[in-house]
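Visitor: Input: one structure, supplied below.
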Amino acid sequence: MFSFIYLIQIRVQRFIYIHPGSTAPVHNPPNTGFCMSKPKGLQRRLPPLLVTSPSGHQLGPNLSTSRYHSNCCLDNRPLSPGPGCYLDASASRASGGNVRNLRTPQRQAGAGRPLTESPTGTYQRVSDYLKKHDDFLEEYVLENVSLDLLQQWVIRKTRRKREEEGNENDSTNKDPNLSRIKFCVPADKREMLQELMSSLFVHLDKRHVFSELANTVSTAIGADGWSLHMYDADFKELSSFRITDNNVERFLLEGTLAEYVMKTKKAVRCKSQSKDNRFPSGISTLIEEPVNVLCHPVLQPDGELSGVLEFYKKEPDSEFQEEDEEIVNSYLVWGGTALHYAELYASMMKQRELNKFLMTVVKSIFQDMVSMDTVIIKIMMFARKLVSADRASLFLLDGRTGELYARIFDVNETDGDTKKESDIAPQEIRFPMGTGIAGYVAMTGESLNIPDAYNDPRFNRSVDQQTGYNTKNLLCMPIFIRKFVIGVVQMVNKSSGPFTKSDEEAFSTFAIYCGLALHHAKLYDKIRKSEQKHKLALEILSYHSTCTDAEIASIQAVQLPMDPKNLEDFRFYSDSLNSDEKVMASIHMLSNLPTVENCSKIDPDSLARFTLTVRKNYRRVPYHNWSHGFCVANSVYAILRSTAAFRPLEGLALYVSCLCHDLDHRGKTNQFLVAAASPLAAIYTTSVLEHHHFNMTVSILQQDGHNIFRNLSSADYKKVLSNIKHCIIATDLALFFPNKARLSEIVKENRFDWSDHEHRLLLQTLIMTACDLCGSTKNWTQQEEIVKVIFQEFYDQGDAEKSQGRQPIPIMDRTKVDEQPDSQVGFLKGICIPCYELLYNLIPETKPMLDGCRENLEHWESLTHKNDSEKNSSSDDMDSKDTNQEE
1 MFSFIYLIQI RVQRFIYIHP GSTAPVHNPP NTGFCMSKPK GLQRRLPPLL VTSPSGHQLG
61 PNLSTSRYHS NCCLDNRPLS PGPGCYLDAS ASRASGGNVR NLRTPQRQAG AGRPLTESPT
121 GTYQRVSDYL KKHDDFLEEY VLENVSLDLL QQWVIRKTRR KREEEGNEND STNKDPNLSR
181 IKFCVPADKR EMLQELMSSL FVHLDKRHVF SELANTVSTA IGADGWSLHM YDADFKELSS
241 FRITDNNVER FLLEGTLAEY VMKTKKAVRC KSQSKDNRFP SGISTLIEEP VNVLCHPVLQ
301 PDGELSGVLE FYKKEPDSEF QEEDEEIVNS YLVWGGTALH YAELYASMMK QRELNKFLMT
361 VVKSIFQDMV SMDTVIIKIM MFARKLVSAD RASLFLLDGR TGELYARIFD VNETDGDTKK
421 ESDIAPQEIR FPMGTGIAGY VAMTGESLNI PDAYNDPRFN RSVDQQTGYN TKNLLCMPIF
481 IRKFVIGVVQ MVNKSSGPFT KSDEEAFSTF AIYCGLALHH AKLYDKIRKS EQKHKLALEI
541 LSYHSTCTDA EIASIQAVQL PMDPKNLEDF RFYSDSLNSD EKVMASIHML SNLPTVENCS
601 KIDPDSLARF TLTVRKNYRR VPYHNWSHGF CVANSVYAIL RSTAAFRPLE GLALYVSCLC
661 HDLDHRGKTN QFLVAAASPL AAIYTTSVLE HHHFNMTVSI LQQDGHNIFR NLSSADYKKV
721 LSNIKHCIIA TDLALFFPNK ARLSEIVKEN RFDWSDHEHR LLLQTLIMTA CDLCGSTKNW
781 TQQEEIVKVI FQEFYDQGDA EKSQGRQPIP IMDRTKVDEQ PDSQVGFLKG ICIPCYELLY
841 NLIPETKPML DGCRENLEHW ESLTHKNDSE KNSSSDDMDS KDTNQEE
């Protein structure tokens with residue numbers, strides 16, 4: 001504090017007296033105050049300096065008790081040495097000659113004797129004045145004190161504060177704010193920082209930041225040179241790096257100064273000649289014969305170590321001072337932050353490159369997934385590039401034997417680009433899980449990063465001995481799918497030293513994509529094999545489900561046993577024909593559809609093949625068989641022959657739909673297939689059987705020589721297929737009720753329009769249901785036979801439901817045979833009669849169908865009454881027997 005007051009006194013070397021209320025300087029004014037010598041434009045009034053006597057009494061403005069200032073107010077006083085001469089000399093010694101001499105030439109030239117010490121009280125009066133007028137002090141310091149001197153003041157203030165707090169030797173407790181760069185560096189150092197920042201924008205890698213930072217700090221503290229040791233968090237060691245050498249040179253630092261600073265994270269200043277028990281191996285700098293060393297840790301904002309910097313001076317007398325340590329610390333406060341963000345940027349760029357790499361991997365693997373071997377080759381090629389490995393191997397796990405096997409291994413740089421699938425040897429290499437490093441990784445599911453393979457007991461040296469290859473380091477990682485190990489990838493010999501932690505992290509992400517690729521490759525192989533099996537099955541099915549040439553030749557010799565005109569009768573009974581005769585009748589009906597010759601020239605041979613194949617694809621079930629399909633086709637033929645309301649393509653589509661509407665029917669309902677989780681129910685979500693019937697129809701048409709529509713134009717072909725699908729799906733009784741409701745509303749409101757396409761489609765759905773239920777319109781004898789086979793199929797399904805632990809509905813329970821009449825009455829009243837009544841309203845020619853259904857309803861109702869009478873009679877007999885027994 002005394003030095004500071006002396007420096008202030010040095011600057012206030014002469015008092016300029018001014019008149020009260022005036023700023024013009026004069027030579028001999030009254031002693032009313034003082035101010036600094038300034039240009040005229042910057043002068044300002046200052047409060048008067050009150051002088052007190054030794055006894056404490058205030059003296060007048062022209063009086064002074066100082067023996068040095070007793071003649072200051074005299075006019076024409078001789079120039080004599082004042083206290084400024086002494087203070088100039090003292091300040092010059094204290095500051096190393098950095099204080100400017102502001103005395104006038106006259107004062108400097110004046111002779112006088114040197115002063116010894118400032119008089120008692122001068123320090124106190126100046127100190128009190130400066131405390132009361134801090135604005136004067138601030139303005140004075142900013143204008144007259146150099147930055148170097150300010151830097152020394154701040155450093156001394158910092159040191160004094162630490163000494164007072166008792167933390168003189170604790171470098172980890174340094175407050176960076178007290179040595180912030182912007183407060184303690186001169187202009188040239190600030191320029192160096194600006195150059196450093198500009199350089200960092202171009203090169204943001206860690207080594208460059210370290211080197212530029214070390215050069216800047218070395219220049220700031222006047223060091224002769226520096227050494228840098230970068231800290232490797234993976235291996236917990238320092239590595240030497242110099243700006244002249246781009247390669248990292250690793251060496252042991254046990255017991256050295258750098259290792260001590262690394263462990264303690266504290267700065268150390270020492271001489272190379274002196275021995276220190278803290279680091280018995282001495283200094284660790286690479287510079288020959290350094291004398292004075294300052295070793296400082298480089299810490300990140302989170303306190304983690306990034307490296308160690310060593311600065312040296314060769315001159316014995318040029319020791320590093322605490323001020324140098326403060327400057328280094330102030331630089332590294334900013335440098336650590338810059339390094340932290342440089343590492344974040346490098347990490348972000350590395351992640352960006354990894355993302356691009358993974359996208360390339362995904363595109364390459366999944367776009368060219370030809371076989372498992374192709375995927376394996378690509379995985380190993382990309383894995384080797386990812387971590388800069390010399391070789392790569394991939395082993396898959398055989399879940400049945402518990403062995404690891406590989407057909408492709410040791411992919412190097414040339415292999416990945418030139419090896420083809422045809423070059424792969426078919427012989428596999430197998431070894432038990434748990435053998436070797438790959439086996440250990442497969443067994444434990446742990447990743448292994450082995451920097452020295454020959455020092456690891458799990459390494460199998462026999463492979464190197466057989467191949468002559470020298471394995472130095474390994475990175476082995478498991479590949480998971482659904483938390484199960486399916487393989488192991490092994491990287492051998494990184495090009496630049498051992499594999500790092502970042503290699504492990506990048507490769508662990510890559511391994512996820514490897515697992516997905518291998519999993520999809522396996523699925524692809526399974527799908528490809530399944531497709532081949534499917535094609536084979538279709539080929540076998542096509543052979544056995546299509547007609548033969550012998551069948552075609554035999555059917556052409558068949559003659560119908562009755563007049564073909566009988567086929568136009570609504571009451572025609574199809575069971576009067578055998579199977580071959582039904583085929584011939586079907587061909588006849590299709591060939592004689594109204595105006596069919598005008599819309600399509602159907603090849604007779606294709607028509608025969610198509611009809612015979614349709615018959616072959618009806619299953620041998622009690623009711624939904626070939627006879628039922630023929631009966632439904634005969635009903636629609638009778639409708640089409642009785643009216644000219646339908647267009648040729650519509651009639652063609654209706655007839656083919658009826659003939660094929662129950663192809664490959666299994667004798668079970670849709671509800672049963674859904675409840676039993678049938679594959680058909682998995683393929684089709686609604687109208688399961690109906691969709692299957694349509695697909696079977698299309699499959700037959702696609703068989704060679706079976707397409708009866710091949711002479712149609714493309715547009716007509718699409719229309720016919722669309723109509724066929726619409727009609728076959730309409731045979732699902734679940735769709736009958738909404739379709740009937742819509743059509744009934746249109747008819748009731750007298751809005752039906754034959755020119756409206758939607759109205760015609762609704763009518764076609766009604767016709768399909770009417771023809772499908774045509775058994776209810778036949779004569780009573782035929783009706784009884786048809787109901788018997790229907791219920792036989794129902795009871796078979798009921799038995800199947802019971803075997804599955806489910807209770808069938810009453811009409812499918814063979815223990816409730818007596819309920820058949822009641823169920824038929826409900827069926828005819830609820831579905832058949834409304835259907836035929838609505839059809840009769842639109843096509844009056846179908847009245848025979850309605851009449852036949854009503855006649856059968858009467859028969860079933862009479863059976864119901866008969867059964868009720870028998871039940872009542874039986875109940876009365878039981879009651880009379882009970883009465884007789886009681887008597």
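full-length UniProt numbering puts the first residue of the sequence shown at 1, with every later residue one more than the last.
Glycine included, every Cβ here is placed at the ideal spot set by N, Cα and C.
Here the structure is a predicted model, which means the values were calculated and not measured.
Pick out the complete alpha helix (DSSP H) segments inside the region 342 to 389, 4 residues or longer, and give them in chain order.
Guide: If we require 4 residues or more, the alpha helix (DSSP H) runs fully inside the region 342 to 389 come out as 372 to 387.
Visitor: Please identify the residue among D575, Q559, I437, R571 whose C-alpha is closest to the C-alpha of I587.
Guide: Translated into the one-based positions of the sequence shown, residue 587 becomes position 587. With distances taken between Cα atoms, I587 lies closest to Q559.
Visitor: Could you spell out the range, first to last residue, of the alpha helix (DSSP H) harbouring L536?
Guide: Translated into the one-based positions of the sequence shown, residue 536 becomes position 536. Here the alpha helix (DSSP H) through L536 covers 501 to 545.
Visitor: I481 bridges to which residues according to DSSP?
Guide: As a position in the sequence shown, residue 481 is number 481, starting the count at 1. In the DSSP output, where bridge partners are listed per residue, I481 has F484.
Visitor: Please name the residue, chosen from L763, V488, N277, that lies closest to L394 on a Cα-to-Cα basis.
Guide: Position 394 of the sequence shown, counting from 1, holds the residue named residue 394. Taking only the C-alpha atoms, the option nearest L394 is V488.
Visitor: One question on the structure: do Y440 and R458 come within less than 8 Å of each other, judged by their Cβ atoms?
Guide: Mapped onto the sequence shown, residue 440 falls at position 440. Mapped onto the sequence shown, residue 458 falls at position 458. Against a cut-off of 8 Å, the Cβ pair of R458 and Y440 comes out as a contact.
Visitor: Specify, as a first and last residue, the run of the beta strand (DSSP E) that S776 falls within.
Guide: As a position in the sequence shown, residue 776 is number 776, starting the count at 1. Looking at the DSSP string, S776 is not in any beta strand (DSSP E), and its letter there is neither H nor E.
Visitor: For N872, count the other beta carbons within 10 Å of its own beta carbon; 16 or more makes it buried, fewer makes it exposed. Which is it?
Guide: Counting from 1 along the sequence shown, the entry for residue 872 is found at position 872. Exposed, because fewer than 16 other Cβ atoms sit within 10 Å of the Cβ of N872.
Visitor: Taking 8 Å as the threshold (C-beta atoms), are I700 and I843 in contact?
Guide: Residue numbering aside, residue 843 sits at position 843 when the sequence shown is read from its first letter. Residue numbering aside, residue 700 sits at position 700 when the sequence shown is read from its first letter. No. Outside cutoff.
Visitor: Tell me which same chain residues have a C-beta within less than 7 Å of the C-beta of K271, skipping the five on either side of it?
Guide: Along the sequence shown, read from residue 1 onward, the residue named residue 271 stands at position 271. So the list reads V291, N292, once near-sequence residues are dropped.
Visitor: Whole-angstrom Cβ separation of M589 and A633, contact assumed at under 8 Å?
Guide: Within the sequence shown, numbered from 1, the residue matching residue 589 stands at position 589. Within the sequence shown, numbered from 1, the residue matching residue 633 stands at position 633. Their Cβ separation, rounded to whole angstroms, is 7 Å, which keeps M589 and A633 in contact under 8 Å.
Visitor: In terms of residue numbering, what span does the alpha helix (DSSP H) encompassing P738 cover?
Guide: Here residue 738 is taken as the residue at index 738 of the sequence shown, counted from 1. 733 to 748 is the extent of the alpha helix (DSSP H) around P738.
Visitor: With 8 Å set as the bound, which would you pick, yes or no: does the beta-carbon of A734 sit closer than that to a beta-carbon of chain B?
Guide: The structure shown contains no chain B; it is built from a single protein chain.
Visitor: Are I408 and I376 touching if we call contact CB-CB under 8 Å?
Guide: Numbered from 1 along the sequence shown, position 408 holds the residue referred to as residue 408. Numbered from 1 along the sequence shown, position 376 holds the residue referred to as residue 376. Yes, Cβ-Cβ distance for I408 and I376 is below 8 Å.
Visitor: Can you tell me whether N277 is buried or exposed, with buried defined as 16 or more other CB within 10 angstroms of its CB?
Guide: Within the sequence shown, numbered from 1, the residue matching residue 277 stands at position 277. Exposed: under 16 other Cβ atoms inside 10 Å.
Visitor: Exposed or buried, A442, counting other C-beta atoms within 10 Å across all chains shown (16 or more means buried)?
Guide: On the sequence shown, position 442 is the one that residue 442 refers to. A442 is buried by the Cβ-count criterion.
Visitor: According to DSSP, simplified to helix, strand and coil, what is Y490?
Guide: Here the question's residue 490 lines up with position 490 in the sequence shown. The question names Tyr, but residue 490 is Gln in the sequence shown. Strand at Q490.
Visitor: Less than 8 Å between C-beta atoms, sequence neighbours within five positions excluded: which residues of the same chain meet that for F794?
Guide: Residue 794 sits at position 794 when you count from the first residue of the sequence shown. Counting only Cβ-Cβ distances below 8 Å, and skipping sequence neighbours, we find I811, M812.
Visitor: CA-CA distance, Q300 and L344?
Guide: Within the sequence shown, residue 300 is the residue found at index 300, counting from 1. Within the sequence shown, residue 344 is the residue found at index 344, counting from 1. Their Cα atoms are separated by approximately 12 Å.
Visitor: Is M562 helix, strand or coil when you go by DSSP?
Guide: Counting from 1 along the sequence shown, the entry for residue 562 is found at position 562. Of the three classes helix, strand and coil, the one that applies to M562 here is coil, per DSSP.
Visitor: Using the Cα positions of Y237 and Y231, report the straight-line distance between them to the nearest angstrom.
Guide: Taking the first residue of the sequence shown as position 1, residue 237 is located at position 237. Taking the first residue of the sequence shown as position 1, residue 231 is located at position 231. Position check: residue 237 holds Glu in this sequence, whereas Tyr was assumed. Using only the alpha carbons, I get a separation of about 6 Å.
Visitor: Using C-beta distances below 8 Å, list every residue in its chain close to S714, excluding the 5 sequence neighbours before and after it, in chain order.
Guide: In the sequence shown, residue 714 corresponds to position 714, counting from 1. Once the five neighbours on either side are set aside, S714 has no close Cβ partner at all.
Visitor: Are the CB atoms of M491 and V387 within a distance shorter than 8 Å?
Guide: The residue given as residue 387 occupies position 387 in the sequence shown. The residue given as residue 491 occupies position 491 in the sequence shown. Their beta carbons are under 8 Å apart, which means V387 touches M491 by this criterion.
Visitor: From which residue to which residue does the alpha helix (DSSP H) around D580 run?
Guide: The residue you call residue 580 lines up with position 580 of the sequence shown. It spans 579 to 591 - the alpha helix (DSSP H) in which D580 sits, taken as one unbroken run.
Visitor: Here's the rule: buried if 16 or more other CB atoms are within 10 angstroms of the residue's CB, otherwise exposed. What is H628?
Guide: To locate residue 628, count along the sequence shown from 1; it is residue 628. With 16 or more Cβ atoms within 10 Å of its Cβ, H628 is classed as buried.
Visitor: For G497, which option in F507, L475, V154 has the closest C-alpha, if you only look at C-alpha atoms?
Guide: Along the sequence shown, one-based indexing puts residue 497 at 497. Considering only alpha carbons, the answer is L475.
Visitor: Buried or exposed for A109, going by 16 or more other Cβ atoms inside 10 Å?
Guide: In the sequence shown, counting from the first residue as 1, residue 109 sits at position 109. Legend: pLDDT at A109 = 42, less than 50; position of this residue unreliable, value from coordinates given subsequently. So A109 counts as exposed.
Visitor: Give the range of the beta strand (DSSP E) segment to which N723 is assigned.
Guide: By 1-based counting over the sequence shown, the position of residue 723 is 723. No beta strand (DSSP E) contains N723, which is instead part of the alpha helix (DSSP H) from 714 to 729.
Visitor: What did DSSP end up calling P48 once you bin it into helix, strand or coil?
Guide: Here residue 48 corresponds to residue number 48 of the sequence shown, with the count starting at 1. Confidence at P48 is low in this model, with a pLDDT of 40, below 50, so the placement of that residue is unreliable and no value is reported for it.
Visitor: Which residues bound the beta strand (DSSP E) around P432?
Guide: For this step, residue 432 is matched to residue 432 along the sequence shown. It spans 429 to 432 - the beta strand (DSSP E) in which P432 sits, taken as one unbroken run.
Visitor: What would DSSP say about S306, mapped onto helix, strand or coil?
Guide: On the sequence shown, position 306 is the one that residue 306 refers to. Three-state DSSP puts S306 in a strand.
Visitor: Thinking W860 and V825 are a contact (beta carbons under 8 Å), I'd like their distance in whole angstroms, please.
Guide: Translated into the one-based positions of the sequence shown, residue 860 becomes position 860. Translated into the one-based positions of the sequence shown, residue 825 becomes position 825. Sure, about 5 Å apart at Cβ, within 8 Å.
Visitor: Note down, in chain order, each residue of its chain lying with its Cβ closer than 8 Å to the Cβ of Q790, except the 5 sequence neighbours on either side.
Guide: In the sequence shown, counting from the first residue as 1, residue 790 sits at position 790. At residue 790 the sequence reads Ile, which differs from the Gln that was named. Cβ within range, chain order: P622, Y623, G775.
Visitor: Return the residue from the list I527, K847, T765 that minimises the CA-CA distance to T643.
Guide: Indexing the sequence shown from 1 puts residue 643 at position 643. Checked all of I527, K847, T765; the closest Cα to T643 is K847.
Visitor: Three Cβ pairs or more, each shorter than 8 Å: is that satisfied between the region 648 to 655 and the region 688 to 696?
Guide: In short, these stretches do not touch, since the Cβ pair count stays below three.
Visitor: Do you know offhand how far H208's Cα is from W226's?
Guide: On the sequence shown, position 208 is the one that residue 208 refers to. On the sequence shown, position 226 is the one that residue 226 refers to. Cα-Cα distance, rounded: 14 Å.
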